[in-house]
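Peer 1: Numbering (UniProt numbering), first residue to last: 1 to 315. Mind looking over this structure? Questions follow.
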């Protein structure tokens, strides 16, 4: 579980955070600190009203943070300054990219590089009711349309996202075998058919586009919205770009489909496709990715925020 310490993982306490700030960013050291909150890869500590520290929990998370630091400024610049003649063609609004504000080095007994990032005040979408998530389906579609723009040739690739489904078929089979016994016969056959159609669909032929990499509801913040019933949200904000890469947008879309009820998924697809040439193969692949992510989420430990989403889709 992400809130449990892994073997050898550094303990991130307020005193350590103060020491890092005092040594490397003393002008920020006076700001109040929030309680450390552990995610799967990083611990977040709120810093004042507008900032947070993003502190990797393990070496792979440090590499993902390095990717954000290196690439998010370039991505933000590209989306803010599209090539001549392309502005607004794919979508009228570009997404906000939470570019790291500062970086830090291993010091004070903490072994990894870290960053100061913008704080997005709100509630992760995974903690709000389904009808609230359905309400932002067109907004999330707009954000992903704005993000899914051609990436430069040196943009990072991933072995797990934005690739052909054949590339993850072995891992999918392992996850499927681990959970298939929990499914009824009819539902098992339905999901197997979704996966088969996805694998058989016309493959992505490029150009590679920018991908968030992990736009699930726990990486989607609803500003000004609290958990439980309440006002409908405005535009959501995607956070945690550690899996930023370029490739087939179907993997992002598959993750996004898990936000919504069937009605919300329909609204999401309609909004994403507005003004585009219909591409049934894209959505066939996206549905396969949705099943893949549902298996991943459903296999998480009880208490994990994303586990119910995976279980609900598989049921």
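Yeah, the Cβ is synthetic: ideal placement off N, Cα and C, and Gly gets one too.
Can you check whether the CB of residue 72 is closer than 9 Å to the CB of residue 95?
Peer 2: In the chain shown, residue 95 corresponds to position 95, counting from 1. In the chain shown, residue 72 corresponds to position 72, counting from 1. No, the pair does not count as a contact, with Cβ atoms beyond the cut-off.
Peer 1: Mind listing, in chain order, the continuous alpha helix (DSSP H) runs of no fewer than 4 residues lying wholly within the stretch 38-83?
Peer 2: Those alpha helix (DSSP H) runs which fall completely within the stretch 38-83 and span 4+ residues are 59-80.
Peer 1: Using alpha carbons as the reference points, say which of 250, 115, 7 lies closest to residue 205.
Peer 2: The residue you call residue 205 lines up with position 205 of the chain shown. For residue 205, the nearest C-alpha among the options comes from 250.
Peer 1: Determine whether the beta carbon atoms of residue 50 and residue 119 lie at a separation below 9 Å.
Peer 2: Mapped onto the chain shown, residue 50 falls at position 50. Mapped onto the chain shown, residue 119 falls at position 119. Closer than 9 Å, so yes.
Peer 1: So for residue 119, helix, strand or coil by DSSP?
Peer 2: Start at 1 with the first residue of the chain shown, and residue 119 comes out as number 119. Coil.
Peer 1: Using the Cβ count rule (16 or more neighbours within 10 Å means buried), how would you classify residue 263?
Peer 2: The residue given as residue 263 occupies position 263 in the chain shown. Result: exposed.
Peer 1: How big is the Cα-Cα spacing for residue 154 and residue 221?
Peer 2: Your numbering for residue 154 matches position 154 in the chain shown. Your numbering for residue 221 matches position 221 in the chain shown. Each residue's Cα considered, the two are about 29 Å apart.
Peer 1: Quick check: what's the CA-CA separation for residue 326 versus residue 199?
Peer 2: Absent from the model: residue 326. The displayed extent of the chain is 1 to 315, so no value can be given.
Peer 1: Determine the closest residue to residue 197 out of 286, 98, 81, with distance taken between C-alpha atoms.
Peer 2: Here residue 197 refers to the residue found at position 197 of the chain shown. Minimum Cα distance to residue 197 is reached at 286.
Peer 1: If you follow the beta strand (DSSP E) that residue 102 is in, where does it begin and where does it stop?
Peer 2: As a working mapping, residue 102 is identified with position 102 in the chain shown. Here the beta strand (DSSP E) through residue 102 covers 102-104.
Peer 1: Determine the extent of the beta strand (DSSP E) in which residue 314 is found, giving its start and end residues.
Peer 2: Position 314 of the chain shown, counting from 1, holds the residue named residue 314. It is not in any beta strand (DSSP E) - residue 314 instead sits in the alpha helix (DSSP H) that spans 307-314.
Peer 1: Here's the rule I'm using: 16 or more other beta-carbon atoms within 10 Å means buried, otherwise exposed. How should residue 255 be labelled?
Peer 2: Here residue 255 is taken as the residue at index 255 of the chain shown, counted from 1. By the neighbour-count rule (16 or more Cβ atoms within 10 Å), residue 255 is buried.
Peer 1: DSSP three-state label for residue 126, please.
Peer 2: As a working mapping, residue 126 is identified with position 126 in the chain shown. Helix.
Peer 1: Who are the Cβ neighbours of residue 259 in its own chain at under 6 Å, not counting the five residues just before and after it?
Peer 2: Position 259 of the chain shown, counting from 1, holds the residue named residue 259. Counting only Cβ-Cβ distances below 6 Å, and skipping sequence neighbours, we find 133, 217.
Peer 1: Would the beta-carbon of residue 309 fall within 9 Å of that of residue 210?
Peer 2: As a first step, residue 309 is located in the chain shown; it is residue number 309 there, counting from the start. As a first step, residue 210 is located in the chain shown; it is residue number 210 there, counting from the start. No, the Cβ-Cβ distance between residue 309 and residue 210 is not below 9 Å.
Peer 1: Where do the N-terminal and C-terminal ends of the alpha helix (DSSP H) with residue 223 fall, by residue?
Peer 2: Position 223 of the chain shown, counted from the start, is the residue given in the question as residue 223. Per DSSP, residue 223 belongs to no alpha helix (DSSP H); it is in the beta strand (DSSP E), 220-223.
Peer 1: Who does residue 150 pair with in a DSSP beta bridge?
Peer 2: Residue numbering aside, residue 150 sits at position 150 when the chain shown is read from its first letter. Paired residues: 209.
Peer 1: Quick check on residue 183: does DSSP put it in helix, strand or coil?
Peer 2: Within the chain shown, the letter at position 183 stands for residue 183. Reduced to three states, the DSSP call for residue 183 is coil.
Peer 1: Under DSSP, the beta strand (DSSP E) around residue 264 begins and ends at which residues?
Peer 2: Stepping through the chain shown from its first residue, residue 264 is reached at position 264. Looking at the DSSP string, residue 264 is not in any beta strand (DSSP E); the run it does join, the alpha helix (DSSP H), is 262-273.
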